[in-house]
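In full-length UniProt numbering, the protein residues as written are 1 to 545.
We put the CB at the ideal spot given by N, CA and C, even for glycine.
The structure appears below as C-alpha cells.
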C-alpha cells in the first residue's frame, strides 16, 4: 500500500505512536490517523532503556540520559498532552516493563487497532524496535503508515538518488536533495475520541522526582523549557528579526554568551520533534522572500537545517557510523586510554578554566554554544589529551538536551579529524580562544564560582598568578582549583605528531577516507547543536597570554 492510500484508508481505530515528533503541527502520522479512523489512541511509552535510574552514573539520571534531558522530555510530553486535550483527546502514557515494542504490540492487540501511524526513525535502536512492531502488525493484519517527518528529506531517497551511496560532502548532498517537501499545516479543532482502553493503567506524565533519580534538590533547572508551545514561541521570536535571519552566518557567534545565547537554541526542540524541521525551513524561506538579500548555505540559517539532514543521511547509509571499528569512512587512530584524564575532562577538572566552565555548563544546562563544543571536543581528542572520540561522544550523548545520534556521532568524527575534516594541525587553544570573546572571564566566573575573584589577567591561566594574588582571590591552585592536567603547548605538539603518524598509517593501509575538506565544508553548521571546525583555530601552538 502506497503512502497516499495508507494515509486515507479507513479503520475503526488508529493508534498514533509518539516517540520523537512530540507535536501537533506538521505531524503526518497524527493527520493520517484523524482522517482515517473513528477512534484515535495517541500513545507514548516510557522506555526503561532511557529512563531506568543508574546509581553508577557520574551524575543523576539513567545510563543514557542525564536529568536535564529527562526533564526536557517530560516537559515536552506534558505540553503535548495539553495540546491534545484542547483537541478533545489526551496523551495515553504507558510504561514498558523492558521492551517498548512489547508494550506497543500488546496495545495494538488489546485495543483492536486497525491502523498504526508513527513517524519513521533512522537510528539503529529505533529501526530494530520498529521492525518488531511492524512485523507484529503485518502478521495481525494491521495497516502501518510511517511517514518521514523528523527530517527535511527521506535519507533512503537521497541515498537512492545518489546511486545507492550517501553523499559524503555537504555540497553533493545539497545538489542531490533539491527542495524539501512542504509541511502538513492544515489546522483542525478536534480529534476523534479515544476508544475503550480496557483495564490499562493510563499514567499521567510522571514528574522528574518520581523516576527514582534520588535527591534532585541541588540539581540546576536549565533555562530551556521543553514542548511544542515553547518551540513555536522561540522560533517566532527568532524569525521576527528579519535582518538577523537574512544576515545569519555561522561560524560567527559568541561561545561565552550564556545570559542570552548567541544562537536560536532550537536544537533540542528539533531533536525531540517539538518543532518540525520542515515548518521551520519554510518559515525561514518566507522571511527570505521578504528581504532583498540573505546569506546562503552552508552558513545561512536554512543551511543549518540542511547540515542536520546531511548527517542523518550519512549516518543512515554508513554501517557502524557510531564507532571507529568497522566504519569505512572513519580513520583508524590509536587513541590512548587514560581514565584519570578522561574523568578530569568529563567533570570539568582539567585546570583549564575555559574547558572546565564549558563542561560544567554541559552538566548543569545540558547545552552549550557550538564553538564551546568545538573547544572541549578538540581538547579531549586531537588537541591535548588524545583520548578516543567515542568516550567524548558518550558524555555528550548522555548530557546534551539536544543529543542526536546522527549529529552527535557525525560531529565527533569531524572534530576529532576522524572523518569529513582532516586539518588536524588546527587546534583550539584552551586559553586564548575563549579570551578573545570574553576577556574579563565572566563566563568562567559564572560557572566556576571559586574563580570569581581571580583578576582577569589570570582568569584563563590561574596557575600563573602569584601566590599572593591567589590568596587574595581566595583560590589556591592545586587546592581550591586543580592544576592543569597537561601543558597545552607540549601536549598539542605531541598530538600533532601522533595524528601525522596515524594519517600516514591510514594511507599505507588504504583507508578510503582521504583528501582535504572544502572551504565551505569547514564552515559552521547545525543549530542542532554540534558543529564543524572553523577558521578561528590556530595552525600552530598558541602562546600563553
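- Query: Got a sec, what are the start and stop residues for the beta strand (DSSP E) residue 117 sits in?
  - Reply: By 1-based counting over the chain shown, the position of residue 117 is 117. Where residue 117 is concerned, the enclosing beta strand (DSSP E) stretches over 115 to 117.
- Task: Could you tell me the boundaries of the beta strand (DSSP E) in which residue 93 lies?
- Result: Locating residue 93 in the chain shown gives position 93, where the first residue counts as 1. Where residue 93 is concerned, the enclosing beta strand (DSSP E) stretches over 92 to 95.
- When we look at the beta-carbon of residue 366 and count the other beta-carbons within 10 Å, is it buried (16 or more) or exposed? Residue numbering aside, residue 366 sits at position 366 when the chain shown is read from its first letter. Buried, by the Cβ-count rule.
- Helix, strand or coil: which one does DSSP assign to residue 418? Working through the chain shown from its first residue, we reach residue 418 at position 418. Of the three classes helix, strand and coil, the one that applies to residue 418 here is coil, per DSSP.
- Message: Under 8 Å, with one C-beta from each stretch per pair, do the stretch 138 to 150 and the stretch 109 to 129 reach the 3-pair mark?
- Response: yes
- Closest by CA to residue 48, which one among 218, 239, 95? Walking along the chain shown from the start, residue 48 turns up at place 48. It is 95 whose Cα lies nearest to the Cα of residue 48.
- Query: Looking only at its own chain, which residues have a Cβ that is under 7 Å from the Cβ of residue 11, when we skip the five neighbours before and after it?
  - Reply: Working through the chain shown from its first residue, we reach residue 11 at position 11. Hits under 7 Å: 36, 37, 114, 115, 143.
- Would you mind sorting residue 140 into buried or exposed? The rule is 16 or more other CB atoms within 10 Å of its CB. For this step, residue 140 is matched to residue 140 along the chain shown. Residue 140 comes out exposed.
- Cα-Cα separation, residue 429 to residue 46: Here residue 429 refers to the residue found at position 429 when the chain shown is read from its first residue. Here residue 46 refers to the residue found at position 46 when the chain shown is read from its first residue. The straight-line gap from Cα to Cα measures roughly 42 Å.
- Message: So, under 8 Å CB-CB, residue 183 and residue 269 are touching, yes? Tell me the CB distance rounded to an integer number of Å.
- Response: Your numbering for residue 183 matches position 183 in the chain shown. Your numbering for residue 269 matches position 269 in the chain shown. In fact, because the Cβ distance is near 15 Å, the residues do not count as touching under 8 Å.
- For residue 315, the nearest candidate out of 256, 421, 165, 433 (CA to CA): Position 315 of the chain shown holds residue 315. Looking at the Cα atoms, 165 is the closest of the given residues.
- Query: Residue ranges of each alpha helix (DSSP H) run of no fewer than 4 residues wholly in the stretch 324 to 406, ordered along the chain?
  - Reply: 339 to 346, 353 to 365, 370 to 378, 389 to 399
- Measuring CA to CA, which of 372, 387, 252 is closest to residue 342? Numbered from 1 along the chain shown, position 342 holds the residue referred to as residue 342. The residue with the shortest Cα to Cα distance from residue 342 is 387.
- Contact under 8 Å by Cβ, residue 228 with residue 356: One-based indexing of the chain shown puts residue 228 at position 228. One-based indexing of the chain shown puts residue 356 at position 356. The answer is no: Cβ separation not under 8 Å.
- Message: Helix, strand or coil for residue 61? Go by DSSP, reduced to three states.
- Response: Start at 1 with the first residue of the chain shown, and residue 61 comes out as number 61. Strand, per DSSP.
- Burial state of residue 221 (16 or more Cβ within 10 Å): Translated into positions along the chain shown, residue 221 becomes position 221. Exposed.
- residue 138: first and last residue of the uninterrupted alpha helix (DSSP H) it sits in: Along the chain shown, one-based indexing puts residue 138 at 138. 124 to 139 is the span of the alpha helix (DSSP H), which, as asked, contains residue 138.
- Item | Chain-order list of residues whose beta-carbon lies under 8 Å from that of residue 51 (same chain, five-residue window excluded) | Numbered from 1 along the chain shown, position 51 holds the residue referred to as residue 51. Taken in chain order, the residues that qualify are 62, 65, 70, 211.
- Between residue 258 and residue 445, what straight-line distance do the alpha-carbon atoms span, to the nearest angstrom? The sequence position of residue 258 within the chain shown is 258, counting from 1. The sequence position of residue 445 within the chain shown is 445, counting from 1. Straight-line Cα distance between these residues: approximately 12 Å.
- Query: Opposite residue 143 in the DSSP bridges: which residues?
  - Reply: Working through the chain shown from its first residue, we reach residue 143 at position 143. For residue 143, the beta-bridge partners assigned by DSSP are 115.
- Assign residue 454 to buried or exposed, taking buried as 16 or more other Cβ atoms, counted over all protein chains shown, within 10 Å of its Cβ. Working through the chain shown from its first residue, we reach residue 454 at position 454. Classification for residue 454: buried.
- Message: Can you tell me which residues form a DSSP beta bridge with residue 15?
- Response: By 1-based counting over the chain shown, the position of residue 15 is 15. Per DSSP, 41, 116.
- Exposure of residue 27, with buried meaning 16 or more beta-carbon neighbours within 10 Å: Working through the chain shown from its first residue, we reach residue 27 at position 27. Buried, because 16 or more other Cβ atoms sit within 10 Å of the Cβ of residue 27.
- Cβ neighbour criterion (16 or more within 10 Å) applied to residue 293: For the purposes of this step, residue 293 is identified with residue 293 of the chain shown, where counting begins at 1. Classification for residue 293: exposed.
- Query: So who's on the other strand from residue 546, going by DSSP bridges?
  - Reply: The first residue shown for the chain is 1 and the last is 545, placing residue 546 beyond what the model contains.
- Looking at C-beta atoms only, is the number of pairs between the stretch 291 to 307 and the stretch 241 to 248 that lie closer than 8 Å three or more? yes
- Message: Taking 8 Å as the threshold (C-beta atoms), are residue 137 and residue 108 in contact?
- Response: As a first step, residue 108 is located in the chain shown; it is residue number 108 there, counting from the start. As a first step, residue 137 is located in the chain shown; it is residue number 137 there, counting from the start. Their beta carbons are under 8 Å apart, which means residue 108 touches residue 137 by this criterion.
- Evaluate the contact criterion for the stretch 160 to 180 versus the stretch 196 to 207: three or more CB pairs, one atom per stretch, below 8 Å. no
- Message: Measuring only the C-alpha atoms, how far is residue 189 from residue 83?
- Response: Within the chain shown, residue 189 is the residue found at index 189, counting from 1. Within the chain shown, residue 83 is the residue found at index 83, counting from 1. Computed Cα separation, rounded: 11 Å.
- Query: For residue 539, is the classification buried or exposed, using 16 other Cβ atoms within 10 angstroms of its Cβ as the cut-off for buried?
  - Reply: Mapped onto the chain shown, residue 539 falls at position 539. Low local confidence applies: a pLDDT of 38 at residue 539 is under 50, so the model's placement there is unreliable, with the coordinate-based value given in what follows. So residue 539 ends up on the exposed side.
- If I'm right that residue 39 touches residue 13 with Cβ under 8 Å, what's the distance once you round it to whole angstroms? Counting from 1 along the chain shown, the entry for residue 39 is found at position 39. Counting from 1 along the chain shown, the entry for residue 13 is found at position 13. In this structure residue 39 is in contact with residue 13, their Cβ atoms being roughly 4 Å apart against a cut-off of 8 Å.
- Message: Per DSSP, what are the beta-bridge partners of residue 170 in this structure?
- Response: Mapped onto the chain shown, residue 170 falls at position 170. DSSP output for residue 170 lists no bridge partner at all.
- Query: What is the residue span of the alpha helix (DSSP H) that residue 463 lies within?
  - Reply: Locating residue 463 in the chain shown gives position 463, where the first residue counts as 1. First-last for residue 463: undefined, no H or E at that position.
- Task: Pull up the DSSP beta-bridge partners for residue 203, would you.
- Result: Start at 1 with the first residue of the chain shown, and residue 203 comes out as number 203. DSSP, once it has assigned bridges, lists 93 as partnering residue 203.
- DSSP beta-bridge partners for residue 24? What you label residue 24 is simply residue 24 of the chain shown in a count that begins at 1. Answer is none; residue 24 lacks a bridge partner.
- Query: Considering only the beta carbon of each residue, do residue 145 and residue 29 sit closer than 8 Å?
  - Reply: On the chain shown, residue 145 is found 145 positions in, with the first residue counted as 1. On the chain shown, residue 29 is found 29 positions in, with the first residue counted as 1. Yes, they are a contact pair.
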